[in-house]
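Undergrad: Numbering (the numbering used here), first residue to last: -2 to 393.
Ideal Cβ positions, reconstructed from N, Cα and C, are used throughout, including at glycine.
Nothing here was measured: the structure is a model prediction, and the numbers come from that model.
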Ligand SMILES: [Mn+2]
């Protein structure tokens, strides 16, 4: 038995954060198409690898409503799997929660969509009886411990649980569960969705988040893909396979002089040396010393982008942001630690940040950004700007 576990395709992710005047239109189109291409890669692999079935554990779409083009793309890919006799089992998650019945979707007959109540689908594969248990989201948030409705392994040879959700200790409202809840069901594999970073929660039986198939912003950096599960003589071999066509990455450059052209040259030669085979969207950290602090962030970024505009296609790289970090052996001022601490605690509060960003937070992508360590980052950046190396004392 061989199958694929994937999740969080987030087809038609808008990449709004990148949609500004600076990025070349052709590059932006490639980025916009990346979630689709990543899924096509998965489908092609499924066919080449002759897998028996594919599990899609929720958040197949980025929103609850898709353009017809996106539906057509998705149906077309499922048709390819149908033609290759590959079954598909899918659940919907918190992003694409099902508010139309599965029968309204024009799905080929190799596809099984789980409803809003936990249910188990059984079928025979070769001489074995397989059971797959799961459910689709009905709303954006599910507080209930849906895991309590999953039955204990029935009289089958191999049972899989599909669940889009997060561990109870995260405090999120996404069908919370504990690892023990999952283990208590005695299943042979758990195909989880929702967390976009691939991770193993348990080795035996395997409990995995596959992560998403294409990173969509800087907090989804590195390779993304799916898990291929190969069962040979009762042993499960789980391997990660990349599908992402665009990689979000960081690059650190040391700079020693206040010469913008030199800085750009150093950066370009580093990018050239890295010989990226896939498009890399880079945030550059420039390590500088205090004497160079007058380098203007926006000006340097804009010069870098102008240089890359002609070269990004050859170099497979685009710089979407830069940041400065002060070398450890430099020192700028002697603000008293206690005064700093007192001020920082009263200024960098979540409430203050939310208050200032109130009118912006109605946009999902900004809200996501604000949720992702912005408080820590602002504090760090202010420390570096005000205290120089003292600001780095607490860091690892
Ligand atoms: Mn997701």
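Assuming the contact rule is C-beta atoms closer than 8 Å, residue 189 and residue 225 should be a hit. Round their C-beta distance to whole Å, please.
TA: Rounded, the Cβ-Cβ distance is 16 Å, inconsistent with contact.
Undergrad: In the DSSP output, which residue or residues are listed as bridge partners for residue 131?
TA: Answer is 116, bridged to residue 131.
Undergrad: When the Cα of residue 367 is compared with those of 354, 195 and 236, which residue comes out closest?
TA: If we check each option's Cα against that of residue 367, 354 comes out closest.
Undergrad: Pick helix, strand or coil for residue 17, following the three-state DSSP scheme.
TA: In this structure, residue 17 counts as coil in the three-state DSSP scheme.
Undergrad: Residue 104 to residue 357, Cα distance in whole Å?
TA: Those two C-alpha atoms are separated by around 38 Å.
Undergrad: Please classify residue 156 as buried or exposed, where buried requires at least 16 other C-beta atoms within 10 Å of its C-beta.
TA: So residue 156 ends up on the buried side.
Undergrad: With respect to the beta strand (DSSP E) encompassing residue 322, which residues constitute its N-terminal and C-terminal limits?
TA: Here the beta strand (DSSP E) through residue 322 covers 314 to 323.
Undergrad: Taking all protein chains shown into account, decide if residue 173 is buried (16 or more other Cβ within 10 angstroms of its Cβ) or exposed.
TA: Label assigned to residue 173: buried.
Undergrad: In this structure, what does DSSP give as the bridge partners for residue 249?
TA: Residue 249 is bridged to 282.
Undergrad: Take residue 379 and list the residues in its own chain whose beta-carbon comes closer than 6 Å to its own, dropping the five residues that flank it on each side.
TA: Counting only Cβ-Cβ distances below 6 Å, and skipping sequence neighbours, we find nothing.
Undergrad: Near ligand 1, which residues have their beta-carbon less than 5 Å from any of its heavy atoms, given in chain order?
TA: Any residue whose Cβ sits closer than 5 Å to a heavy atom of ligand 1 makes the list: 5 and 56.
Undergrad: If you drop the 5 nearest sequence neighbours on each side, which residues of the same chain put their C-beta closer than 6 Å to that of residue 109?
TA: Contacts found: 86 and 118.
Undergrad: Does the distance from the C-beta atom of residue 193 to that of residue 221 stay below 9 Å?
TA: Yes, Cβ-Cβ distance for residue 193 and residue 221 is below 9 Å.
Undergrad: Alpha carbon to alpha carbon, how far is residue 9 from residue 292?
TA: Those two C-alpha atoms are separated by around 38 Å.
Undergrad: For residue 244, tell me which candidate among 267, 313 and 228 has the shortest Cα-Cα distance.
TA: Of 267, 313 and 228, the residue nearest in Cα terms is 313.
Undergrad: Using the beta-carbon count (16 or more within 10 Å), is residue 294 buried or exposed?
TA: Exposed.
Undergrad: Tell me whether residue 329 sits in a helix, a strand or coil according to DSSP, three-state version.
TA: Low confidence applies to residue 329: its pLDDT is 48, below 50, so where it sits in the model is not reliable, and the reading given next is rough at best. Coil at residue 329, not helix or strand.
Undergrad: Less than 9 Å between the beta carbons of residue 39 and residue 51, yes or no?
TA: Yes; because the gap between Cβ atoms is below 9 Å, this pair is in contact.
Undergrad: Would you report the Cα separation of residue 203 and residue 242, rounded to the nearest angstrom?
TA: If I take the Cα positions, the gap works out to 27 Å.
Undergrad: Measuring CB to CB, does residue 166 end up less than 9 Å from residue 179?
TA: No, the Cβ-Cβ distance between residue 166 and residue 179 is not below 9 Å.
Undergrad: Count the other C-beta atoms from every protein chain shown that fall within 10 angstroms of the C-beta of residue 185, then say buried if there are 16 or more, exposed otherwise.
TA: It is buried - the Cβ of residue 185 has at least 16 other Cβ atoms within 10 Å.
Undergrad: Leaving out the 5 sequence neighbours to the left and right, which residues in its chain are closer than 7 Å to residue 393 when beta-carbon positions are compared?
TA: Bear in mind that a pLDDT of 33 at residue 393, under 50, signals an unreliable position, so the number given afterwards is only what the model happens to contain. Nothing meets the Cβ criterion.
Undergrad: Which whole runs of the beta strand (DSSP E) in the region 194 to 219 are 3 residues long or more, in chain order?
TA: Within the region 194 to 219, the complete beta strand (DSSP E) runs of at least 3 residues are 196 to 199 and 204 to 206.
Undergrad: With a threshold of 8 Å on Cβ separation, who are the neighbours of residue 319 within its own chain once the five nearest residues in sequence on each side are excluded?
TA: Cβ within range, chain order: 280, 281, 282, 283, 294, 297, 298 and 301.
Undergrad: Exposed or buried, residue 181, counting other C-beta atoms within 10 Å across all chains shown (16 or more means buried)?
TA: Counting Cβ neighbours within 10 Å, residue 181 comes out exposed, since fewer than 16 surround it.
Undergrad: For residue 227, which residues from the same chain have a beta carbon less than 6 Å from its beta carbon, with the 5 sequence-adjacent residues on both sides left out?
TA: Excluding positions up to five away in sequence, the list reads -1 and 234.
Undergrad: Counting along the chain, where does the beta strand (DSSP E) carrying residue 26 start and finish?
TA: Where residue 26 is concerned, there is no enclosing beta strand (DSSP E), although the alpha helix (DSSP H) it sits in stretches over 22 to 29.
Undergrad: How close, in whole Å, do the beta carbons of residue 350 and residue 364 come, if the pair is a contact with beta carbons under 8 Å?
TA: 12 Å between Cβ atoms; not a contact.
Undergrad: Check whether the Cβ atoms of residue 276 and residue 264 sit closer than 9 Å, and answer yes or no.
TA: Cβ atoms of residue 276 and residue 264: not closer than 9 Å.
Undergrad: Keeping to the same chain, check which residues put their C-beta closer than 7 Å to that of residue 183; ignore five residues upstream and five downstream.
TA: Here the set comprises 149 and 150.
Undergrad: Kindly indicate which three-state DSSP category residue 192 falls into: helix, strand or coil?
TA: Correct three-state label for residue 192: coil.
Undergrad: So residue 74 is in the alpha helix (DSSP H); what residue range does that whole segment cover?
TA: First-last of the alpha helix (DSSP H) with residue 74: 65 to 80.
Undergrad: Less than 9 Å between the C-beta atoms of residue 433 and residue 215, yes or no?
TA: Limits of the chain in this structure are -2 at one end and 393 at the other, which puts residue 433 out of reach.
Undergrad: Please go through the region 151 to 192 and give each complete beta strand (DSSP E) segment of 3 or more residues, from N-terminal end onward.
TA: Here the runs fully enclosed are 155 to 161 and 186 to 190.
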